[in-house]
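Count along the sequence shown from 1, then add 2; that gives the number in our numbering. Backbone N, C-alpha and C define an ideal beta-carbon position, used for all residues, glycine too.
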Amino acid sequence: MDGLMMDDFPLTLTHVVQRTERLFPRVAISSRSPDGTIRRTDYAGVIRRARRLARVLREGGIEPGDRVGTLMWNHSRHLEAYLGVPASGAVVHTLNLRLSPEQLAYVIHHGGDKWILVDDNLLPLLARIRDRINPKRIVVVPSAGGLVPTGYDDYEYLLSQHEPLDPLPALSERQAAGLCYTSGTTGRLKGVLYSHRSIVLHSLVGASTLDLRQSDAALVVVPMFHANAWGLPYILTTLGSRIVLPGRQLDPESLLDLMEQERVTYAAGVPSIWTGLLETLERDPRRWTLTPGLRMLVGGSAVPEAMIRRFAALGIDVIHGYGMTESSPLVAVNIPKEGMRDWEPDRLFPLRARQGLGGAFVELRLRAEEREQPWDGKSVGELELRGPWIARAYFQDNDPEKWTLDGWMRTGDIATIDPEGYVQIVDRSKDLVKSGGEWISSVALENALVAHPAVREAAVVAKPDPKWSERPIAFVVLRDGSVATPDELRGFLAPQFPKWWLPDEVRFVAELPKTSTGKVSKLTLRQGLGPSGPT
Ligand code: ADP
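This is the structure:
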């Protein structure tokens, strides 16, 4: 017998937009402008303009399902597009401004973007590939306040000429709402097409899983052009929380100034952003007055235990999160269970450095050699996922290897899960170092290296080896003014690992190559080791 509830009520962003507009109109949205000033608006303002945008799109010939690209920094007009494009029935396709011109042209072309909304200061990126893309219109957002060149549409002018779309069109919850491409850390770019339903469910579960509240003021440093900024624009809009957007100023001092001025209570970004911020804070801890109880969501690559400890010493609570573009992206978040916060630091911090517990409705399993592995904290396998916000296919692309025959998505990440359910990512399968038939976790070595006081950043990759097939080699960036020798660092690692895990070589470098999303590009490091290097 079926239940007698309104199960057909559609889970669409339309509902989120309407509710927040009504209940939280005066909650502030702050954005840093290119000239450094802070622009403040609120949900009423953003949503009114999102409705105008929806009308501009509809009257401009954008049909339901059409893709509208955005090439923008994190600011309130980008949020307008996040809300207004899907509310019109179209699909918001966030374009990663750090892609190479070839990659950018590829995703615009492959995504089939009909219109592109672009920040005026990013127009040169589009101009470079103008002859390789074919959008019907390019609409320039005058973020930096310049004049819109001829041949382009002016976002502000278009908005001023259109009334807010009211009522918003009725949509099906299965309709596509967003498109993001994977950043290509490990290969070709692939599109992930989110539905209204997947975004709404991800927002509802995400809000509680991430320990967010309506009263939070959240600084979204993670780019809105990557994995929907971890879904935060939608999660925060659903909650009606304050949103603080840093624009393009991502240096530690600008971020800290913003955190202080806007009384930020929650901040989200990748570890490489927080590394610099941490050093700046430690150098001058009294310069900024940050909100007591500040929480920081860190993910996208493994967060070293040393980083969590150092932030804790400054009174900042790091929440480690794990996910990927294909999973909207939230998979696991590390919130200690009842009683665990009382553990001794040497027990608690290693736990907090794990990637955490699978969120509600995300099913996890570990598989190795076709067999499911137990959750015993020791057995290692590839992590596979199933759930309502996990991709079941790529957008107009075929990758049969990515999904198992029984319908689980393969993450490409090698992990353990302990009996309490805490996931620990050992490595990406492509980054594991396979030495003499055994594997070595590059992540474990990196995390141990950054615990050395002289080390700022570290990356370990496989170097081809005639005898052992591969051997680990470490690339290390030292902290300003610090010195260390390869032997000293190997000696530092020695008590923590089997001897054969220790890197054969430690190379000091001024910086590590980064991908378009700020992760260390191991592909580039491996390629630098010679043409015979594995890819
Ligand atoms: P790309 O694969 O192009 O980098 P994503 O940003 O979607 O694109 O990356 C997702 C991957 O990033 C995951 O599969 C995993 O390998 C890695 N990752 C994300 N968060 C973490 C984390 N907290 N710890 C370790 N690895 C992580």
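So, are the CB atoms of residue i and residue j less than 7 Å apart?
i	j	result
S437	E490	no
R492	L480	no
Y519	H112	It should be noted that the sequence gives Thr, not Tyr, for residue 519. No; because the gap between Cβ atoms is not below 7 Å, this pair is not in contact.
A308	A461	no
W470	P421	no
G71	I118	yes
E384	I416	yes
G271	R34	no
I237	G208	yes
L161	R51	yes
Q375	V425	no
E340	R367	no
L97	L73	yes
F363	P331	no
D121	V143	yes
T16	L173	yes
L359	G423	yes
A56	L167	yes
Can you give me the start and stop residues for the alpha helix (DSSP H) that residue i sits inside?
i	result
I275	273–285
H111	103–113
K138	Counting along the chain, K138 falls outside any alpha helix (DSSP H), and DSSP gives it neither H nor E.
G483	Segment: none, G483 is in no alpha helix (DSSP H) and carries neither H nor E.
A351	First, the residue type needs correcting, since residue 351 is Phe and not Ala in the sequence shown. Start and end: 347–354.
A56	45–61
Of all Cβ atoms in chain C, is any one closer than 7 Å to the Cβ of residue i?
i	result
L170	No chain C appears in the structure shown, which is made up of a single protein chain.
Residue i to residue j, Cα distance in whole Å?
i	j	result
S1	G483	Beyond the ends of the chain as shown, which are 3 and 537, falls residue 1; an answer cannot be given.
G535	D433	With a pLDDT of only 38 at G535, under the threshold of 50, the placement of this residue in the model should not be trusted; the figure read from the coordinates follows. Cα to Cα, the separation comes out at about 12 Å.
A219	I318	15 Å
G91	G148	31 Å
L514	I475	14 Å
Q398	D155	29 Å
I392	V266	30 Å
T537	V202	Reliability fails at T537, whose pLDDT of 33 lies under 50, so the model's placement of it is uncertain and no value is given.
E158	M411	42 Å
L99	W232	17 Å
V300	P273	6 Å
P533	W290	Any answer about P533 is weak, because its pLDDT of 45 lies below 50 and its placement is not dependable; what the coordinates show is given next. Rounded to the nearest angstrom, the two C-alpha atoms are 48 Å apart.
A557	H95	The structure shown has nothing for residue 557, since the chain only spans 3 to 537.
W345	P338	10 Å
R430	M8	42 Å
V93	A179	4 Å
L260	P347	31 Å
T526	D4	55 Å
L258	G295	15 Å
I49	H204	21 Å
T418	N123	44 Å
V445	R54	47 Å
Restricting to Cα atoms, I'd like to know which of the options is closest to residue i.
i	options	result
I310	S303, H322, R369	H322
V354	L366, E372, A334, V364	First, the residue type needs correcting, since residue 354 is Arg and not Val in the sequence shown. Measuring from the Cα of R354, the nearest candidate turns out to be A334.
R195	R100, R369, P88	Position check: residue 195 holds Leu in this sequence, whereas Arg was assumed. For the residues R100, R369, P88, the minimum Cα distance to L195 belongs to P88.
P254	R285, P169, G67, A83	R285
K192	D467, Y108, S32	Y108
L241	E264, R215, P225	R215
L451	Q426, P488, R373	P488
K138	M3, I110, A370, L407	I110
H77	L292, A56, D44, L296	D44
A46	I31, P27, I40, E264	P27
W549	W502, L495, E403	Nothing about residue 549 can be read from this structure; the chain reaches only from 3 to 537.
Q1	Q177, A370, L170	Because the chain in this structure spans residues 3 to 537, residue 1 falls outside the shown range and cannot be described.
V18	L212, H198, L407, V435	H198
S145	R176, E175, E459, G38	G38
P468	L495, S444, G439, E459	G439
E262	L495, S32, V511	S32
A30	V478, L247, V224, T184	L247
What span of residues does the beta strand (DSSP E) with residue i cover, start to end?
i	result
P88	Element bounds for P88: not the beta strand (DSSP E) but the alpha helix (DSSP H), 78–89.
W441	440–442
I321	319–325
L309	What sits at residue 309 in the sequence shown is Met, not Leu. Unbroken run through M309 is the alpha helix (DSSP H), 307–315; no beta strand (DSSP E).
Q426	424–430
D415	411–419
Distance cut 7 Å, beta-carbon to the ligand ADP heavy atom: residue list by chain order: So the residues near the ligand ADP by this Cβ test are T184, S185, G186, T187, T188, H228, A229, G301, G302, S303, A304, V305, H322, G323, Y324, G325, M326, T327, E328, P331, Q357, T413, G414, D415, I427, R430, V445, T517, T519, K521.
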